[in-house]
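For the sequence shown, this note's numbering begins at 112 and goes up steadily by one. Every residue, glycine too, gets a C-beta built ideally from N, C-alpha and C.
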Amino acid sequence: MYTGNLHDDDNLGRYKERLSNFSKEFEFGLFLIIIRKNLIWLATFIFLAALCAFIYLRYTPPIYEASSIIQVNYENNASKVLGVDNLHDQQDISREIELLRSKLFLKQALTNLPLNVAYFNQGTVLEFEQYTSSPYTIEIIEHNPAIEDLPIFIDFYENGKTEISYQYGQNEIKLTAPDNKTFELPHCTISVTVNNPDAIKEQILQNKKERFFFKISNIDNITRTYMGKLEVKLLNSAAKTIQIIIKDNNPEKCADIVNAITEEYLKYEVERKSESAINVLAFIDTQIEGVYGRLKESETSIQVFKTENKLANDKDFISLNIEKFSSIESEILELELNENMLKTIEKRISESSSEIDIYKLLPLFAGTQYEGTSINKLISRLHELLLSKELALFDETPNSGNIKTIDYQIKIQKKLLIESIQSLSKKTTEKKNNLIAKTLVIEESFLKAPLKEVEFARLQRHFSINEKFYNLLMEKRTEYSILKASFIPQNLILDRAYPPSMPFSPNKSIIFTACLLVGLLMGIALILTRYLIHNDIDSLNEIVRHSNASIGILGIIPKYKDDIPVSQLIVNKNPKSLIAEAFRSIRTNLQFISNETGPKVIAISSTISGEGKTFTALNLGGIIAFSEKKVIIIDLDMRKPKIHKGFNSPNEIGMSTILIGKHTIEECIRNSTMKNLDFITAGPIPPNPSELIISNNMDLVIEKLKSLYDVVIIDNPPVGLVTDGISIFQKADYPIYVFRSEYSKKNFIHNADRLVNENKITKLSVILNGVDIDKSTAGYGYGYGYGYGSNYGYYDEEKKPSKKTILQRLFNKQIQNIS
112 MYTGNLHDDD NLGRYKERLS NFSKEFEFGL FLIIIRKNLI WLATFIFLAA
162 LCAFIYLRYT PPIYEASSII QVNYENNASK VLGVDNLHDQ QDISREIELL
212 RSKLFLKQAL TNLPLNVAYF NQGTVLEFEQ YTSSPYTIEI IEHNPAIEDL
262 PIFIDFYENG KTEISYQYGQ NEIKLTAPDN KTFELPHCTI SVTVNNPDAI
312 KEQILQNKKE RFFFKISNID NITRTYMGKL EVKLLNSAAK TIQIIIKDNN
362 PEKCADIVNA ITEEYLKYEV ERKSESAINV LAFIDTQIEG VYGRLKESET
412 SIQVFKTENK LANDKDFISL NIEKFSSIES EILELELNEN MLKTIEKRIS
462 ESSSEIDIYK LLPLFAGTQY EGTSINKLIS RLHELLLSKE LALFDETPNS
512 GNIKTIDYQI KIQKKLLIES IQSLSKKTTE KKNNLIAKTL VIEESFLKAP
562 LKEVEFARLQ RHFSINEKFY NLLMEKRTEY SILKASFIPQ NLILDRAYPP
612 SMPFSPNKSI IFTACLLVGL LMGIALILTR YLIHNDIDSL NEIVRHSNAS
662 IGILGIIPKY KDDIPVSQLI VNKNPKSLIA EAFRSIRTNL QFISNETGPK
712 VIAISSTISG EGKTFTALNL GGIIAFSEKK VIIIDLDMRK PKIHKGFNSP
762 NEIGMSTILI GKHTIEECIR NSTMKNLDFI TAGPIPPNPS ELIISNNMDL
812 VIEKLKSLYD VVIIDNPPVG LVTDGISIFQ KADYPIYVFR SEYSKKNFIH
862 NADRLVNENK ITKLSVILNG VDIDKSTAGY GYGYGYGYGS NYGYYDEEKK
912 PSKKTILQRL FNKQIQNIS
């Protein structure tokens, strides 16, 4: 007794576990079926995605990318050989990058290209720029800025005339004139020259399907346009390489703009460095003029003195004293040079009210003792501040806070520079005065010498000093002349820009792959959605799995391809049909439930109406009647009776009148057209069908019918809607539960499972009705691969099935596998 309760508790526990795990398992077979059903949608999504990709690529203007790589080099071999410091050795590549990014520099580069007129070919949807392939050329003589960037159409005709037209506001401006003639339009004067007559003829033959037009623009608008398309980035800081990138709709234009920027950069480098050398040479030439004049004057004075005084060259006397004065005078002259240089710098700084040309100041220190000193550093710092202000003005107004801060720093730096120069100038003057005083002392020692000899020595000394200084300046001039000639582009173009053959965007492979992937994902999403919302029973496999094989399986009934007649009894019309064979298999499989002798009661029900319980009851009764057994079918579905329709019989009397004692069983039994098959209709619909079915009279009626017939088939009401049929199920020898493929829901299995586990109807067995055997899929076959099909001969009226049909053998084999 205790063991039995434990076994029942175990079954109940597994039953509850099945309820909680329902719908958590992935059904691969069902998933394959849903894939097959939705293959057309999957293909449609992929096709639409490919179509979208094609349309996008067809009507999206392509964007091309051209790039060039330059290497910045600060070294100058000539300056190293000559021992002259490189004034441009800034060693800061970020400044070069900002220069290349600057609006002014880009504008200068674009000025070298023919961009003031843009030529286009208007297609059906897109317009294509004919940068270098335009068959005609427009020369702008004069124009009004109001028509800049407006499309101006030009049409050529067979008679040799050319028409210019454009829309200005609400007015259309149009003018026709012979070819190669100047057009004087209200807003511009232009001249048209045909370069490719063949292309013009082709456009005429196309009947103007593709029109030519051009746009006039100015360099400022063009610069603003390409500022957003320019990208300058540092590739390698150690190698000092910079990459210049331009993106545009025309590949040739991309390459030309990039090359124009690189060439302008090399040209700018030479101009900037050579300007410094020119300033140095100009300063040296100024000094040479003064020294040369003094030298000529000294030479003339010596010749006049010697001629007038008829003096002989007393070399010993002169050589003895000249040395003392030469060194001192050399220092004085050098100090005078430095003093003049400092005064020149101070004057230039003081005279410049706003900006200072640093490149004109730095060369003045070349070759002096102040080169590399604090003043040079102050000038370099001032240079940095001025450059920072120049770069900031590209993005900010002159009145912005940042610009004012930089101006203040420049003012302070100028003040420090002037004070430092004044201090150095004062020290230089003091040193020069001290040396002059020293020369006076030395000259006093020569007073005792003969006057003419002393005067001659003085003239010789002045000549020697001027000659030495002149030679020094000439040497410096030669050095900087060589340096100027050596200024060639030190920066290298490592990779020039070439017109790209393929567009940078849109990328065809990426667009097609992405669109196809989106289409595939949409199709998969549809399949997954339909799988997740799929709740229909499609096979006995699902029933067995979801009930954990606790419900017996009788078999399946194939879907009837033709229209089911009103009688629903079809086994008598074609006894050898596939459906008839299915019912024979079910009749045979009933022996596995109970094989005892004596009359049997078969109770048939379903979850809801429409699953085929009445159809099953009628045809199962008909197929059993074929086996020479007396069968009666009674209709207990008093709320929605159908048996009388199946046999085309009136429903005036029946089970309802029998159960209330109004009529006897014999009075209500009707004979069908089939031998051994009788039926009792439901009778008039009573107000209390449940009470009638569970009454004692129902038990008496069943016992009476069992005494008269071999098999009693009861068509019960749906147990999923009402509980009327549960009591009959409990009393039946063969309680049969009918599901309909692709109609019954998966949760209907709970109802059958509940009858077994909660109502203890252990003999309950299942029939799956309406199975479409043509949809059987590998791994998910209906009825575990029962093999229905015309190849088994069930539709062949001439062939007789064996005693144990293929259907029965396959079903029995699968039942063993399930067990």
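Beta bridge counterpart(s) of residue i as assigned by DSSP
i	result
Gly836	None, per the DSSP bridge assignment.
Gly666	Ile878
Val712	Val823
Tyr277	Ile284
Leu788	Val742
Arg781	Phe790
Leu341	Ile357
Ser717	Val849
Thr856	What sits at residue 856 in the sequence shown is Lys, not Thr. DSSP lists Asp647 as partners of Lys856.
Exposed unless 16 or more other CB atoms sit within 10 angstroms - verdict on residue i
i	result
Ile575	A small fix is needed here, since residue 575 is Ser in this sequence, not Ile. The residue in question, Ser575, is buried, as its Cβ has 16 or more Cβ neighbours within 10 Å.
Glu586	exposed
Tyr519	exposed
Pro686	exposed
Lys773	exposed
Asn453	It should be noted that the sequence gives Leu, not Asn, for residue 453. It is buried - the Cβ of Leu453 has at least 16 other Cβ atoms within 10 Å.
Ser852	buried
Met749	buried
Val195	In this predicted model, Val195 has a pLDDT of only 47, less than 50, meaning its place in the structure is not dependable; the value taken from the coordinates is given anyway. With 16 or more other Cβ atoms within 10 Å, it is buried.
Glu253	exposed
Tyr337	buried
Val867	buried
Leu341	buried
Pro225	exposed
Ile251	exposed
Asp203	exposed
Ser705	exposed
Ser190	Residue placement at Ser190 is poorly supported in this model, since its pLDDT is 46, which falls under 50; the coordinates still yield a value, given next. Ser190 comes out buried.
Glu778	exposed
Arg698	buried
Residue i in three-state terms, based on DSSP
i	result
Ile648	coil
Val849	strand
Tyr175	strand
Leu866	helix
Asn347	strand
Thr300	strand
Arg322	strand
Gly904	Only weak support is given to the placement of Gly904: the predicted model assigns it a pLDDT of 35, under 50, and the value that follows is read from those uncertain coordinates. In this structure, Gly904 counts as coil in the three-state DSSP scheme.
Asn951	Look at the range of the chain in this structure, 112 to 930, and you will see that residue 951 is not part of it.
Glu447	helix
Pro800	helix
Lys515	helix
Gly194	Interpretation of Gly194 is limited by its pLDDT of 46, a score under 50 that renders its predicted location unreliable; the figure taken from the coordinates is listed afterwards. Gly194 falls in the coil class under three-state DSSP.
Gln182	strand
Lys214	helix
Ser616	strand
Thr222	coil
Pro362	helix
Thr334	helix
Ile327	strand
Limits of the unbroken alpha helix (DSSP H) element including residue i
i	result
Thr155	Leu150 to Tyr170
Glu501	Ser485 to Ala503
Phe239	Not the alpha helix (DSSP H): Phe239 falls in the beta strand (DSSP E), residues Glu238 to Glu240.
Pro509	Looking at the DSSP string, Pro509 is not in any alpha helix (DSSP H), and its letter there is neither H nor E.
Bounding residues of the beta strand (DSSP E) (the contiguous stretch that carries residue i)
i	result
Leu931	Nothing in the structure corresponds to residue 931, since the chain is present only between 112 and 930.
Tyr247	Tyr247 to His254
Leu603	Leu603 to Asp606
Glu692	Where Glu692 is concerned, there is no enclosing beta strand (DSSP E), although the alpha helix (DSSP H) it sits in stretches over Leu689 to Asn700.
Asp266	Ile263 to Phe267
Phe294	Thr293 to Glu295
Below-9 angstroms beta-carbon distance, residue i vs any chain B residue
i	result
Asp396	The structure shown contains no chain B; it is built from a single protein chain.
For this session: Evaluate contact between the segment 762-776 and the segment 798-813, counting only Cβ atoms and requiring at least three cross-stretch pairs below 8 angstroms.
Result: yes
Exercise. So, do the segment 682-700 and the segment 728-735 have three or more beta carbon pairs nearer to each other than 8 angstroms?
Worked result: yes
Exercise. Do the segment 708-719 and the segment 817-837 make contact, defined as three or more Cβ pairs closer than 8 angstroms?
Worked result: Under the 8 angstroms Cβ criterion, the segment 708-719 counts as touching the segment 817-837, having at least three qualifying pairs.
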